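For reference, the structure discussed in these notes is given below.
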Amino acid sequence: METTEMEQSMQWFVFFKDQLLLKKEYTTNGENKYGIPHGVTPPVTPAAGCKIHEVTLTGGKKVKACALGQPVPETEEWVMTGLRASYDYLPLADYQAAGKAFQILYWDSHSRFCPVCGTPMEQQTPIMKKCPECGNEMYPPVSTAIIVLIRKGKEILLVHARNFRGTFHGLVAGFLETGETLEQCVEREVMEETGLRVKNITYFGSQPWPYPSGLMVGFIADYESGEIKLQADELSSGAFYSKDNLPEIPRKLSIARKLIDWWLENN
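Per the working numbering, residue 49 is the first one in the sequence shown, and the count goes up by one each step.
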């Protein structure tokens, strides 16, 4: 049977844990360039028993995803890099596709057994498993979190969370709880983490955050009242900053940076 051109150009998102396999390429000037491997079969051998997943991206494009049992040593052809770090090497569309592929693989490895009765789950569709014993269905979960830029005059609130990797300062963020709206979540998280009250809460945008399966929902809000009292187990520092004395801020891959850049452009 002949292989179609579409099948030949299928991209393969191959992971070992959160490390993504990249194919080394070179520009006409001999500079390093990296891309997602493609072909009919996996570029390297998947882990024993690993399922090969077909992942449908926004717009309908289909790609393949699979997991490895061990990392691929760096060679002249291949290199592995962290999913987060791949943002610096890949086109945005490929980075976003890698994020979705990783979320599917993570879900698959964390949903092998029914949480109701313990029976091995059976894959029914690319994004649904069903228990053959009790009928329970499982889908890739999405953990929703808010993130908010708080304005006070010509300043914004920036905080350093204890779980940040690095010394940069970001924005107040936290997970949505059952029974609350996104706006209520903004109010609660800001009060819990900083002791401040906010008003004029406005939606900004959202971003998938595949670390491992989140959705960040961005808001803008104005300071209303209160003095900063940091939640010590969450934040190590926090203050209002003007555009002239900003500390180190998040990298461009995050919606936090998009919010801060929007504020800088409009102030």
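All C-beta atoms, glycine included, are put in the ideal place defined by N, C-alpha and C.
None of these values were measured; they are calculated from a predicted model.
Next item on the list: Starting from Met239, trace the beta strand (DSSP E) both ways and give me its first and last residue.
Entry: Here Met239 belongs to no beta strand (DSSP E); instead the alpha helix (DSSP H) covers 230-242.
Check: Enumerated in chain order, which unbroken segments of the beta strand (DSSP E) with a length of 3 residues or greater are wholly contained in the stretch 125-166?
Finding: 126-130
Item checked: Three-state secondary structure assigned by DSSP to Lys247 -> strand
Margin query: For a cutoff of 8 Å on Cβ pairs, would you count Val196 as touching chain D?
Written below: Included in the structure is just one protein chain, with no chain D present.
Note to self: Applying the 10 Å Cβ sphere with the 16-neighbour rule, what's the burial state of Lys109?
What the structure shows: exposed
Check: Tell me, which residues are paired with Gly266 by DSSP?
Finding: Ile195, Gly253
Next item on the list: Compare the beta carbon distance of Glu313 and Phe216 with 8 Å and say whether it is the shorter of the two.
Entry: no
Check: Across which residues does DSSP place Lys71 in a beta bridge pair?
Finding: Gly83, Trp126
Notebook entry, point to check: What is the DSSP secondary structure of Ile96, reduced to helix, strand or coil?
Noted result: Contrary to the premise, residue 96 reads as Ala rather than Ile in this sequence. Coil.
Margin query: Considering only DSSP beta bridges, list what Gln59 is partnered with.
Written below: His86
Next item on the list: Could you check how far apart the C-beta atoms of Leu205 and Val127 are, in whole angstroms? I think they sit under 8 Å.
Entry: Contact doesn't hold; Cβ gap of about 39 Å is too wide.
Notebook entry, point to check: Assuming Leu131 contacts Asp66 under a Cβ cut-off of 8 Å, what Cβ separation, rounded to an integer in Å, is found between them?
Noted result: 5 Å
Checklist line | Option nearest Thr89 by Cα separation, candidates Ile100, Tyr82, Asn80 | finding: Ile100
Margin query: Mapping the DSSP letters down to three states, classify Leu312 as helix, strand or coil.
Written below: helix
Notebook entry, point to check: Tyr110 by DSSP, collapsed to three states: which one?
Noted result: Residue identity check: residue 110 is Lys in the sequence provided, not Tyr. Strand.
Margin query: Excluding the 5 residues flanking Gly117 on each side, which residues of the same chain have their C-beta closer than 7 Å to its C-beta?
Written below: Ala95, Ala96
Margin query: Val207 and Gly274 - do their beta-carbons sit closer together than 8 Å?
Written below: no
Check: Mapping DSSP to helix, strand and coil, what is Leu116?
Finding: coil
Next item on the list: State whether the stretch 255-262 contacts the stretch 160-180, with contact taken as three or more CB pairs (one from each stretch) at a distance under 8 Å.
Entry: no
Margin query: For Pro168 and Leu307, I'd like the C-alpha separation in whole angstroms.
Written below: 43 Å
Note to self: Rounded to whole angstroms, what is the Cα-Cα separation between Lys178 and Gly227?
What the structure shows: 27 Å
Checklist line | Alpha carbon of Met54 to alpha carbon of Ala113, nearest angstrom | finding: For Met54, the predicted model reports a pLDDT of 47, less than 50, meaning its position is unreliable and no value from the coordinates is stated.
Notebook entry, point to check: Beta carbon of Asn293, beta carbon of Lys202: below 8 Å?
Noted result: no
Checklist line | Three-way DSSP call (helix, strand, coil) for Lys177 in this model | finding: strand
Check: Where does Lys200 sit, in a helix, a strand or coil, going by DSSP?
Finding: strand
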